[in-house]
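For the protein sequence lines, the chains are E and F, in the order given.
For the record, in the first sequence the residue sitting at position 348 is 348 according to the UniProt record's numbering, with numbers rising by one throughout.
For the record, in the second sequence the residue sitting at position 84 is 84 according to the UniProt record's numbering, with numbers rising by one throughout.
Before any comments, here is the structure.
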Amino acid sequence: MNEMRESPENVGIWAIFTGVRQQEIITSHGTRLDVRPDPQTGKVATILSTDVFGSIRSLAAFRLTKDYAIVGSDSGRIIILDYDPKTSSFVKLHQETLGKSGERRIVPGQYLAVDPKGPSVMISAMEKSKLVYILNRDAAANLTISSPLEAHKNGAIIHHIVGLDVGFENPTFAALEVDYTESDQDPTGEAFKNAEKMLTMNWILANLLLQVPGGQLASSDRFDGPSGVLVCCEDHIIYRHMDAPQHHVLIPRRKHPLDNRDRGMVIVSAVMHKTKGAFFFLVQNEDGDLFKVTIEHEDEEVKSLKIKYFDTVPVASSLCILKSGFLFVASEFLNDYFYPFQKLGDDDEEPEFSPTSYRSFGMADPTAPLPNEYFRPRPLEILHLLTSLNLEESVSSDLPGIPNAVWTTKKREDDAYDSYIILSFVNGTLVLSIGETIEEVRDTGFLSSARTLAVQQIGTDALLQVHPEGIRHSPSGKTIVNAATNKRQVVVALSSAELVYFELDQEGQLNEYQDRKAMGSTVLALSIAEVPEGRQRTPFLAVGCEDRTVRVISLDPESTLETISLQALTAPPSSIYIAEMLDASINKSQPTLFVNIGLQNGVLLRTVLDPTNGQLTDTRTRFLGTRPVKLIHVQIQRSPAFLALSSRSWLNYTHQNLMYFKPLIFESFDFAWSFSAELSPEGITGSTLRIFQIPKLGTQLKQDSIPLSYTPRKFIAHGNYFYMVEGDHREDAGEKKLAELRQQGKKIDQEVIDLPVEVFGRPPKAPAGTWGSAIRVIDPVKAETVAYIPLDSNEAAFSLAVVPFLVRGGELHLGFLRTYKFTDEGRGLELLHKTETDDVPLALLAFQGRLVAGVGKALRIYDIGKKLLRKVENKIFASPIITLNTQGSRIIVGEMPESVSFVAYKAPENRLLVFADDSQSRWVSAVAIVDYTVAIGDRFGNIIVNRLDTKESDQTKMVAHFHVGDLIPSIRKVAMVAGGREILLYTGLHGTVGILVPFVSKEDVDFISTLEQHLRTEQSSLVGRDQLSWRGYYTPVKAVVDGDLCETFARLPGSKKSAI
Amino acid sequence: MSSELRYTANTQLEHLHARYTGTGHADLTKYDWLTHQHRDTLSSIVGHPTLTAYLAIADGACTGRVKYEMTEKMLQPCGPPPKKDDD
């Protein structure tokens, strides 16, 4: 079974969607479609995340009275989706089959182009095939799609396509393509050059087309723009249109002392923003520099094309400008960012470049180089980064004693935030007021000499305190042991096992109901739900008694304090919480009334309360911890949720319409209450008064991140620390060169060199073959780097291993094994020696007190001496060794394209013997040993489990196969909970973290696979990809159940669920 | 098989080959086959986001650059065709 969540890593393309004056962003994450809200609304969490069981290759939006999304995928189909903000789900409107499934060269899906006013859409493949669909509305206002028009061209490789904005004329599309028919026939290579020239607009290679607005509005004669396209080439941008002069501008380069002119710069992402009467483009180059491109025009004639430096942000896979003034950067390998615009960069001093200064707009002699233009990079000026999104402030202060309860309350019904924090101690009550600081107040009217049982803001402007002696000024002879309150109702339980009920009348007076209800057993817990909107009261009260029962008691005026239903328990209850929460798996439209009962033995029961007859149904139990359960109401994203406190703390909440129950990663609390103040609108306070926020509900896993300087290659845990090697190609700090330049007395702009590397990278990129690399020691508990050892002389670390002779090898580019000694209890490393090897050692492993290394195609064992001494070698491998694992005297070797071999080390003869291998070849990326079985992750996103059956066999047998859809760099066998079942945990290049859980019983297998079968027929993929063929992309799925598919069961409508 | 039938079968085959680019036939030269293989592979790399990202990380470049270079390579992935023997 497989469960996976992808981190905010964007592969795809965005599109904009509009509801009622509201924009939402659709992002594709390769195998998933997400919807994110406009940050203007104050929300940033993903609204909807759907697994599409296919690979999304392109995404576009078009408008026909409302916005729709078009998806091109590997399903061989074109899909039109409508997003319904009410139910927050996608509705598939059209699904037109246009070719075979799978990522094929001539099946359309790679590129999408939309004619904005047509509307019509072109979908194209990498080669030859282009189809055009016309979209329209029929009489009933339903979206219709025409049969496709073919625009195929044999032998054409398509670089990019775009729809021209031609107003309301016939749709026109532009394609950037190159024809190979002639060059394939011509052995001299002349045709090849010609073909390249065609593509290249005579002398430079182009890679991207951008639509330029055009056409007239129906209401005025004014042209929106000149129409045509911008062709982005290496280092240049050219404006082109049919029968119009070209305009040509050079993309400015960074003014950097180490700038390398030979390195061309392509535009990797771009966005056009159109407002009434104006438009501009933001284009981004490989280094992340944004440029603003504007076109001055008179009607349809272009006067000038201008480009200027805008700002520098991380390199994006796509950009998107929201109407509310945000730039959304779907970063390639980093998190996504929102940047609010400070201004539009119209009136700053940044130099602007325009072809008007060249002869015939730079097209006089197309082969003559233009003079270089430079700009000076600077920190963000026009944009600023929205940082408050990731805010996670926490306040912690010590208190005079140990409080046994804490509440927060506001003073008036219509206050937005809480004003008081009330702490109850064994013999008193402390009131703190919340302002800019939190301090004690005395004149609040609260009784401070006794402990408090409940605090509630009631009516419009009254506060209620329940203490053992009474409620404000309604004293009674018996002491109060328990209380439950909401805005209009108060119920207290007395020590004589009686219930007293109060209700607020129209004048705001609290009236006691004439009768008291005798329960016959001491009341341990009480709860009433919030008053439903527009109602006077909630009709149900839940009472937990010592005789191990929970009774639901009516508060209806006609049957006040009558027992409606009864639930027997296995232990005395400790806490009850009635809540109305939305759970789409039970009821899609209305919140369900849940009665949550915490027992003294640490078990939580959840039952559903039927609002019409008050019966309790559908009981579910969960073990929370060893202490009695306390249930506390909190507000999360303005909807009710609750904390369940036992020896561990749990949070139950609704997210994306589904209910989740998750443990909190925090030390355990005694008591908590939700806290709402201007600074932190949603938070929870605990004892020893701690205020914290739950910033990201959607994330299923807790994560901490530590910034690194290069791409991490490998890391291992040893002792209390993590050891990591990182390295990147084309990286060079350039210190040497800078020093040289300084010596020559050249002026160097220090500010440009000192720009932060995280944003600006280390430009200029060094030539191929230059490596930057380092070894880092990390303290995982404090999440900080304790040691950092940069590698010099163009070496790159590729692998490392801790070997019991206390040697650590970092691995190097030209073939070195570096041996380090631990110093300072593992906090530091000391270089012992460097050993030269004849090839790149990609894999290292500790083996029987020695070091095994995969050096290129050779497997070797080294021992320590003055250098590392080669002891044994086996050179029969056909390809480079990239993974090594060991089990006893066996070494399991993963080769790059040749799958896995089993090697035995024969100590007496000192030989390495290959005794079994895989019958198939696989591009291994990660290997984990299970038992006699190995789990292999390959480069194309498959997980394979191979078993070595008997000793006689020299071939492994494949026992399971599954396509994850993400490249798997690491796979491991772990037990997630101490003593728990062992599972296979894998991670993916696009941020997938998934697990494979072994089934223990045959019944489980039958049950789940039957469920999977049913879901396969019920749930069709959003992109029209068949789930079974997706999971069996390269080889049919074997012995693995798709957990992602089974999870979709909860989203099915009730009727289909019961049918299954 | 009559010669006439063979003739029609051949035209059909030719038609199919024209329609499904990349399909092999009995007289395929080594060069053609290799070129087809390379073009298929390159287009697959561009089409699979994970493969593009993998190459980009390995090369220290950005995905946009990798896509651009892969597409450009599709034009003539295996160099110019070999000279024909008969001329």
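For each residue, glycine too, the CB sits at the ideal point set by N, CA and C.
Within 7 Å (strictly less), CB to CB, does residue i reach chain E?
i: residue 59 of chain F; result: yes
i: residue 40 of chain F; result: yes
i: residue 53 of chain F; result: yes
i: residue 24 of chain F; result: no
i: residue 76 of chain F; result: yes
i: residue 87 of chain F; result: Residue placement at residue 87 of chain F is flagged as unreliable, the pLDDT there being 49, under the threshold of 50; a coordinate-derived value is accordingly withheld.
i: residue 11 of chain F; result: no
i: residue 71 of chain F; result: yes
i: residue 50 of chain F; result: yes
i: residue 63 of chain F; result: yes
How long is the line joining the alpha carbons of residue i and residue j, rounded to whole angstroms?
i: residue 167 of chain F; j: residue 179 of chain E; result: Any property of residue 167 of chain F remains undetermined from this structure, which presents chain F solely from 1 to 87.
i: residue 867 of chain E; j: residue 841 of chain E; result: 16 Å
i: residue 81 of chain F; j: residue 911 of chain E; result: 47 Å
i: residue 497 of chain E; j: residue 517 of chain E; result: 8 Å
i: residue 64 of chain F; j: residue 353 of chain E; result: 24 Å
i: residue 77 of chain F; j: residue 40 of chain F; result: 10 Å
i: residue 641 of chain E; j: residue 419 of chain E; result: 21 Å
i: residue 456 of chain E; j: residue 411 of chain E; result: 10 Å
i: residue 62 of chain F; j: residue 147 of chain E; result: 38 Å
Taking the beta carbon of residue i as the centre, do at least 16 other beta carbons fall within 10 Å, making it buried, or is it exposed?
i: residue 769 of chain E; result: exposed
i: residue 297 of chain E; result: buried
i: residue 486 of chain E; result: buried
i: residue 963 of chain E; result: buried
i: residue 539 of chain E; result: buried
i: residue 56 of chain E; result: buried
i: residue 652 of chain E; result: buried
i: residue 83 of chain F; result: exposed
i: residue 1005 of chain E; result: exposed
i: residue 781 of chain E; result: exposed
Nearest chain F C-beta to residue i closer than 7 Å, yes or no?
i: residue 256 of chain E; result: no
i: residue 814 of chain E; result: Because residue 814 of chain E sits at a pLDDT of 44, beneath the cut-off of 50, its placement in the model cannot be relied upon, and the following sentence gives the value as read from the coordinates. So no, residue 814 of chain E is outside the interface.
i: residue 110 of chain E; result: yes
i: residue 710 of chain E; result: no
i: residue 183 of chain E; result: yes
i: residue 157 of chain E; result: yes
i: residue 260 of chain E; result: no
i: residue 293 of chain E; result: no
i: residue 966 of chain E; result: yes
i: residue 990 of chain E; result: yes
i: residue 126 of chain E; result: yes
Assuming residue i is part of the beta strand (DSSP E), what are its boundary residues?
i: residue 272 of chain E; result: 267–275
i: residue 713 of chain E; result: 712–718
i: residue 1059 of chain E; result: No beta strand (DSSP E) holds residue 1059 of chain E; the alpha helix (DSSP H) holding it covers 1054–1059.
i: residue 607 of chain E; result: 603–609
i: residue 278 of chain E; result: 278–285
i: residue 289 of chain E; result: 289–298
i: residue 68 of chain F; result: Premise fails: residue 68 of chain F lies in the alpha helix (DSSP H), 63–73, not in any beta strand (DSSP E).
i: residue 181 of chain E; result: Run containing residue 181 of chain E: none in the beta strand (DSSP E); it sits in the alpha helix (DSSP H), 181–185.
Are residue i and residue j closer than 7 Å when you measure CB to CB?
i: residue 834 of chain E; j: residue 818 of chain E; result: yes
i: residue 156 of chain E; j: residue 112 of chain E; result: no
i: residue 546 of chain E; j: residue 521 of chain E; result: yes
i: residue 76 of chain E; j: residue 101 of chain E; result: yes
i: residue 714 of chain E; j: residue 800 of chain E; result: yes
i: residue 115 of chain E; j: residue 72 of chain E; result: no
i: residue 294 of chain E; j: residue 276 of chain E; result: no
Which residue comes first and which comes last in the alpha helix (DSSP H) that contains residue i?
i: residue 49 of chain F; result: 49–59
i: residue 1015 of chain E; result: 1002–1018
For residue i, decide whether its Cβ has a neighbour in chain A, counting only Cβ atoms nearer than 7 Å.
i: residue 106 of chain E; result: Among the chains of the structure shown, chain A does not appear; the protein chains present are E and F.
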